[in-house]
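For the protein sequence lines, the chains are A and B, in the order given.
Its first residue numbered 0, the first sequence is counted upward by one per residue in numbering that gives the first Met the number 0.
Its first residue numbered 0, the second sequence is counted upward by one per residue in numbering that gives the first Met the number 0.
2 protein chains.
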Amino acid sequence: MPVIENAIILPKDQLPRQWHNILPQLPEPLGPYKAPDGQDLPAGALAAIFPPQLIEQELSDQIWHPIPEPVLEAYAMWRPTPLVRAYRLEAALKVRSRIYYKNESLSPSGSHKSNTALAQAYYNAQAGIHRLTTETGAGQWGTALSIAARHFQLDIRVFMVKVSLDQKPYRQAIMRLMGAEVLASPSELTQAGRTARAQDPNCPGSLGLAISEAVEEAASRADTNYSLGSVLNHVVLHQTIIGQEIKKQLQLAGEKPDYLIACHGGGSNFGGTVIPFCPEVMAGEKIQLLAAEPEACPTLTKGKFGYDYGDMAKLTPLLPMHSLGSDFLPPSIHAGGLRYHGASPIVSNLVKNQVVTPVAISAKDAFAYAKIMANSEYIVPAPESGHALALTCLKALELEKQGRPGVLVFTLSGHGLLDLSAYEKAPE
Amino acid sequence: MPVIENAIILPKDQLPRQWHNILPQLPEPLGPYKAPDGQDLPAGALAAIFPPQLIEQELSDQIWHPIPEPVLEAYAMWRPTPLVRAYRLEAALKVRSRIYYKNESLSPSGSHKSNTALAQAYYNAQAGIHRLTTETGAGQWGTALSIAARHFQLDIRVFMVKVSLDQKPYRQAIMRLMGAEVLASPSELTQAGRTARAQDPNCPGSLGLAISEAVEEAASRADTNYSLGSVLNHVVLHQTIIGQEIKKQLQLAGEKPDYLIACHGGGSNFGGTVIPFCPEVMAGEKIQLLAAEPEACPTLTKGKFGYDYGDMAKLTPLLPMHSLGSDFLPPSIHAGGLRYHGASPIVSNLVKNQVVTPVAISAKDAFAYAKIMANSEYIVPAPESGHALALTCLKALELEKQGRPGVLVFTLSGHGLLDLSAYEKAPE
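Next up, the structure:
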């Protein structure tokens with residue numbers, strides 16, 4: 000039997016049936032959201048843009064949330080995703096550590112974003128909504144929500160950060176192919192967009208600004224809701240399917256992880272990966288939970304914890320989170336999905352309480368290790384995932400130097416096939 | 000248990016261990032290859048560009064060829080590939096027929112081409128070769144051979160048809176990322192390329208011309224061999240892994256196919272899909288084996304059967320095949336992988352003897368059904384695969400009209416994520 004089985008595959012009937020809400024298990028309570036003016040958030044404030052079930056999830060004190068059957072059926076298109084032992088990457092690095100990657104690139108959209116996109120589209124359709132607006136940075140979220148909207152028969156308008164849209168024409172093409180309307184942000188359609196363009200006609204846009212545009216439009220139309228691809232509690236909740244599967248897969252393989260690593264932009268991929276492991280880590284188990292963020296947008300390592308707006312135009316509630324300031328315009332780095340000034344309140348809370356540790360990764364390292372992975376595992380990582388990969392490799396090399404190889408698991412949040420232009424322009 | 004299992008998955012230990020050589024089972028013997036001057040091919044003529052084991056496979060009278068263990072291990076990176084019931088596509092078409100697709104897009108290169116690329120790179124490495132040259136049209140073959148060369152530690156130079164290279168910048172990017180050298184064909188490096196450019200400085204290139212360049216260079220260097228992505232018997236042989244898996248999977252599902260459909264460019268994807276079914280079809284079993292070729296390059300439906308050159312500069316042996324003429328310059332259609340004047344001698348033989356049937360498909364239909372598949376199955380088919388898909392859908396609709404739904408299986412030879420620009424410019 001010469002065939003190496005390098006993937007730990009869960010059978011379909013082992014697909015987790017619930018999402019894991021960590022709110023009631025956090026080391027300290029999450030502070031309440033506040034209205035943009037700093038006052039208590041009025042009851043019903045979120046209802047203008049979100050359906051009731053997502054609002055309930057946002058503030059829930061119940062740990063387990065059953066996944067609705069239509070969402071579970073949609074997940075089964077590609078889930079459970081494999082946990083793959085990266086034998087050839089280990090050999091390329093010359094390390095004795097065992098490296099595993101959770102391959103979230105196999106979803107219909109090519110990234111983990113489909114996990115929450117399908118849930119959000121479903122709940123909106125259930126609530127009688129016909130149309131969604133959203134923002135997208137690198138395009139992964141826009142692609143995922145376009146497919147989810149198609150699946151649950153909703154119309155969708157995507158505000159795509161202008162610099163990313165210019166860098167990634169194929170992203171626009173796939174969203175359009177799936178039936179979405181795609182606009183460059185800042186656009187002329189919203190007050191937020193017009194203001195930004197008046198200040199700087201060449202404004203490259205940012206996630207914070209695109210969120211302003213999408214929220215402004217959703218708030219002003221009764222048939223339209225807004226959908227966010229990261230940051231908020233309900234988004235992080237849906238992504239916990241990732242970590243739950245990893246946990247089962249590691250048990251199946253008889254492995255105990257030393258490091259669990261994911262990239263961090265808004266926090267949903269990282270939160271979704273580590274949350275199922277947080278209760279035991281808080282109880283003293285020795286697993287290092289590391290968030291890999293870009294040096295160019297160091298929200299968790301350099302940002303301040305406090306209340307801040309989720310968007311540039313200050314339309315969203317004030318959230319208790321790490322932030323570089325809602326008017327921070329991150330440089331045009333090639334990992335567009337990590338260009339966000341803020342962070343998930345849940346992840347911020349876990350950082351503040353030292354359950355998880357953020358590490359800043361240079362774009363140079365992210366692309367260098369992404370090339371090594373492409374040349375050994377024959378998978379092109381998304382530039383975002385390259386940050387998690389780079390941190391994993393750097394840790395494995397460090398352990399090798401110290402003569403104590405370990406078990407490292409990272410989430411490959413998506414593939415980079417639609418980001419290949421970024422590789423051509425990557426820093427050397 | 001709400002989760003629908005729509006994929007027929009073979010366990011890893013069911014991976015076929017042999018390739019199926021149909022040469023000794025053909026309805027009439029394949030005519031011998033001839034030297035470019037029409038004389039008998041001198042012994043050793045192929046040895047200038049191919050390793051001994053591929054030459055042996057090219058002319059073998061043995062039905063079963065064991066797959067070498069290093070190739071089998073490489074296959075196990077992604078094989079066996081799933082056979083997927085396209086429930087949502089059936090619903091979108093409103094047909095009662097059961098449609099299955101063999102998903103070859105899951106390979107490291109995103110297409111079936113990896114099946115032969117890994118085998119060819121392995122045999123060349125075994126023969127002490129250090130460097131490969133090849134041509135590529137759409138870029139699928141070039142990507143596959145770049146990855147295979149990397150896996151078996153060979154250098155590689157790819158001559159990419161100029162019009163395709165311009166249409167598909169991401170293809171060049173992924174080959175380079177994998178370590179290949181990529182040149183636009185016609186180039187200045189070969190006599191064949193210089194001649195074409197002298198005749199027409201804006202020459203868009205063709206597969207036949209790119210083959211001339213790659214063969215010319217390989218023939219003139221001892222450390223360098225040439226590798227072909229389709230047409231030849233050994234290439235078709237390696238692709239029979241596809242049809243063998245389909246056969247096992249249909250048995251597992253208890254299905255008897257009425258139609259087995261694949262697209263046809265040079266013939267390896269089509270041959271690989273149908274060959275394992277040919278012996279029983281020749282024995283009278285009622286399965287229609289349909290080759291979907293583009294109307295713009297109708298080699299099998301409009302070409303003449305006879306001896307012709309495999310390339311434009313007439314460097315290759317004369318092959319007994321259907322051909323539009325070796326100087327035929329196909330129009331710049333968006334399914335670059337189907338732009339070839341000739342056809343596999345094996346497939347030509349099967350067409351001539353009415354074991355298989357070719358059908359020409361318009362680019363308009365190919366893209367129209369590809370969009371329907373993208374919007375229902377959330378997979379972007381390669382434009383090449385769109386031809387097989389379109390023929391499958393047209394047949395399913397025809398069966399529906401006749402009130403006799405059936406079972407249709409097609410090979411999704413690759414994904415179109417690196418071909419999205421073609422979708423943007425697709426004929427309406």
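Where a beta carbon is used, it is the ideal one built from N, C-alpha and C, also for glycine.
Since we're looking at a predicted model, the values are computed, not measured.
Within 7 Å of the CB of Arg149 of chain B, the CB atoms of chain A belong to Asn374, in sequence order along the chain. By the C-beta density criterion, Glu4 of chain B is exposed, having fewer than 16 other C-beta atoms within 10 angstroms. Taking the Cα of Leu182 of chain A as reference, the smallest distance to any Cα among A:Ile173, A:Lys161 and A:Thr194 is reached at A:Lys161. The region 189–257 of chain A is shown to contain whole beta strand (DSSP E) runs of 3 or more residues at 223–225, in chain order. A distance below 8 Å separates the beta carbons of Gly265 of chain B and Tyr339 of chain B.
Taking the C-beta atoms as reference points, Glu216 of chain A is found nearer than 8 Å to Thr189 of chain A.
In this structure, the CA atom of Ser108 of chain B is about 43 Å from the CA atom of Glu55 of chain A. The count of Cβ pairs closer than 8 Å, one atom from the region 93–110 of chain B and one from the region 143–156 of chain B, reaches three, so the stretches are in contact. For Pro382 of chain B, the three-state secondary structure derived from DSSP is helix. From the listed residues A:Ser347, A:Gly336, A:Ser205 and A:Lys424, the smallest Cα separation to Ala367 of chain A is found for A:Lys424. Residue pairing by DSSP puts Leu411 of chain B in a beta bridge opposite B:Asn102.
With contacts defined as CB atoms closer than 8 Å, Gly204 of chain B and Pro185 of chain B qualify as a contacting pair. Judged by DSSP in its simplified three-state form, Phe269 of chain B adopts helix. Following the DSSP letters along the chain, one finds His19 of chain B inside the beta strand (DSSP E) bounded by residues Gln17 to His19. Less than 8 Å divides the Cβ of Val235 of chain B from the Cβ of Ile345 of chain B.
Counted as a single uninterrupted DSSP element, the beta strand (DSSP E) harbouring Ile155 of chain B occupies residues Asp154 to Val160. If you compare the alpha carbons of B:Val354, B:Ser412, B:Leu411 and B:Arg403 with that of Arg95 of chain B, the shortest gap goes to B:Arg403. Secondary structure note for Trp140 of chain A: it is in no beta strand (DSSP E), and the uninterrupted alpha helix (DSSP H) holding it is Gln139 to His150.
Around the beta carbon of Lys303 of chain B, a 10 Å sphere encloses fewer than 16 other beta carbons of the protein chains shown; the residue is thus reported as exposed. Per the DSSP secondary-structure output, Cys262 of chain A pairs in a beta bridge with A:Ala291. When DSSP reads this structure, Lys33 of chain A sits in a beta bridge with A:Asp39 and A:Leu317. Secondary structure note for Glu279 of chain A: its alpha helix (DSSP H) is the uninterrupted segment Cys277 to Met281. Residue contact check for Met177 of chain B against chain A: a CB pair falls below 8 Å.
Listed in chain order, the non-local C-beta contacts of Pro41 of chain A below 7 Å within the same chain comprise Ala34, local neighbours out to five positions each way being set aside. Listed in chain order, the positions of the region 359–384 of chain B with a beta carbon within less than 8 Å of a beta carbon of chain A are Lys370, Ala373, Asn374, Tyr377, Ile378 and Val379. The beta carbon of Glu294 of chain A is closer than 8 Å to those of Ala359, Ile360, Ser361 and Ala362 in its chain, skipping five residues each way along the sequence. Residue burial annotation: Pro357 of chain B is buried, with at least 16 other C-beta atoms found within 10 angstroms of its C-beta. With the criterion set as a beta carbon lying under 9 Å from some beta carbon of chain B, the members of the region 165–189 of chain A are Pro168, Tyr169, Arg170, Gln171, Ala172, Ile173, Arg175, Leu176, Met177 and Gly178, in sequence order. By the CB criterion at 8 Å, Ala85 of chain A and Glu397 of chain A fall outside the cutoff. Interface residue (Cβ-Cβ distance to chain A less than 8 Å): Tyr422 of chain B is classified as such. Considering only beta carbons, the part of the region 98–121 of chain A lying closer than 7 Å to chain B consists of Pro107, in chain order. Taking C-beta separations shorter than 7 Å and ignoring five residues to either side along the sequence, the partners of Phe409 of chain A in its chain run Tyr100, Ile260, Ala261, Ala387, Leu388 and Thr391, following chain order. For Phe158 of chain A, the closest of A:Leu288, A:Ala147 and A:Tyr225 by C-alpha to C-alpha distance is A:Tyr225. At a cut-off of 8 Å between beta carbons, Leu144 of chain B makes no contact with chain A. Under the Cβ criterion (8 Å, minimum of three pairs), the region 18–25 of chain B does not count as touching the region 14–32 of chain A. Straight-line measurement puts the Cα of Asp418 of chain A at about 14 Å from the Cα of Pro426 of chain A.
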